[in-house]
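Quick note: the sequence shown uses the numbering used here, first residue 3, plus one each step.
No residue lacks a Cβ here, since even glycine has one placed at the ideal position from N, Cα and C.
First up is the structure itself, then whatever we jot down about it.
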Amino acid sequence: ELTSLDLKSCYQLTGDIPPDIFVLVLEGKAHFDKRGTVTMPSADAMARASPDIINRLQAIKEVNFSGMSNLAGDIQVLAGMNLKELNLATDPNYGSKLTGDIEV
């Protein structure tokens with residue numbers, strides 16, 4: 003089981019984030035800021051994740067994407083989580099690549 007991810011020198015990293023890595027991002031144990039565009043997994047991909055990943059996802063209460071202007075995808079993937087706080091603020095110089103709408 004992967005418990006953290008250090009990609010500090012992977013400046014050109016791009017692509018889709020698999021569910022297990024996305025949970026690490028949400029837990030603050032993996033960082034993709036200042037990288038190429040990385041895309042959140044779809045809600046369907048998250049629904050197919052292992053029970054352990056789903057349990058970890060449900061345990062997350064706060065999500066902070068501030069400063070992650072390179073993050074793309076539909077925030078619908080966060081729907082159904084037990085979130086108390088969600089920060090989607092991005093750098094206005096770069097705009098946002100996030101789409102969708104959810105209630106938290």
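For Ala-49, the nearest candidate out of Leu-85, Leu-73, Asp-22, Phe-34 (CA to CA):
Asp-22
Residues bridged to Asn-84 (per DSSP)
Paired residues: none, contrary to the question.
DSSP-derived helix/strand/coil call for Asp-76:
strand
Exposed unless 16 or more other CB atoms sit within 10 angstroms - verdict on Asn-72
buried
Return helix, strand or coil for Ala-49, following the three-state DSSP convention.
helix
What are the boundary residues of the alpha helix (DSSP H) that Leu-26 is part of?
21-28
Of the residues Asp-54, Ala-32, Thr-39, Gly-30, the one placed nearest Lys-99, counting alpha carbons only:
Thr-39
Does the distance from the CB of Gln-60 to the CB of Asn-84 come in under 8 Å?
yes
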